[in-house]
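Just below is one structure, and these are the notes that go with it.
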Amino acid sequence: MTSAFALPKQPPTPATEPRLKPDAALQTLDLSKDYGDGMGLMTELDLVIGTGELVMLVGPNGAGKSTFLGLAAGMLEPTNGWAFIAGSPAGTVHARAALSYLPDNPVLYDDLSLGEHIEYIARLHKTVDWQDYADDLVDMFGLGDRIDDLPSRFSRGLKQKTGLILGLIRPFTVMLVDEPFVGLDTPGQETLVEIMSDVVAQGATIICSTH
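The sequence shown begins at 442 in this note's numbering and counts up by one.
This is the structure we're talking about:
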């Protein structure tokens, strides 16, 4: 009798895959994604992004930017191939610990204020001295007078600022950001550019999608 059970496919290691670069911030090997319509949205993508880089993914809607970020974050399952964050397969504990992922629509709780959101994320990820850092971020994005308000009721632009604060309040070495400039006013866009430059200067890597 033949068993139908098969062990999960094991990710490659430096010992089995000479192309793998453990020191890369993000790497893909033969990464492919097909949603079943016969059209491969992404086919055998090999990519290496080093530490301390700012990479902009530019393209129209449907080009695969969000899909790539979802695969790299471990939120989507590839049809074939692998994505690695800081040398660990995407979606694993070690990869998630190194990663801050900001989707295009921030995930917010209906009953938590802005301040409560920040404290929850900071404590969840054990951010050191998070209070002072949080105050700086809130002031930079101009939300000091909204700290007790519910972000779930914010406008699109204010929700975007909230999501950025939550993504920045946790420790990370790699940040994936999906369309962060959408909905931001001009001061918010300028603040984000300044922060991204500072983050990269400190050795972290940012991969950001935009039009």
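Built from N, CA and C at the ideal position, the CB exists for glycine as well.
| Item | Value |
| --- | --- |
| Secondary structure of Pro519, DSSP reduced to three states | coil |
| Buried versus exposed call for Val615 [16 or more other C-beta atoms within 10 Å across all chains shown] | buried |
| Straight-line Cα distance separating Glu560 from Val569 | 12 Å |
| Close beta carbons around Arg564, own chain, < 8 Å, minus the five adjacent residues each side | Trp571 |
| Contact under 8 Å by Cβ, Thr646 with Leu467 | yes |
| Whole-number beta carbon distance between Ala539 and Thr617, since they are thought to touch under 8 Å | It should be noted that the sequence gives Leu, not Thr, for residue 617. Rounded, the Cβ-Cβ distance is 11 Å, inconsistent with contact. |
| Stretch-stretch touch, CB-based, cutoff 8 Å, three pairs: the stretch 585–604 with the stretch 542–562 | yes |
| Between the CA atoms of Gly493 and Leu525 - distance to the nearest angstrom | Note on identity: in this sequence residue 525 is Phe, with Leu being the wrong assignment. Straight-line Cα distance between these residues: approximately 16 Å. |
| 3 or more residues per run - each beta strand (DSSP E) lying fully within the stretch 557–620 | 615–619 |
| Boundaries of the alpha helix (DSSP H) in which Leu512 is found, first to last residue | Lys506 to Ala514 |
| Contact under 8 Å by Cβ, Ile562 with Leu607 | yes |
| Endpoints, beta strand (DSSP E) assigned at Asp471 | Leu467 to Asp475 |
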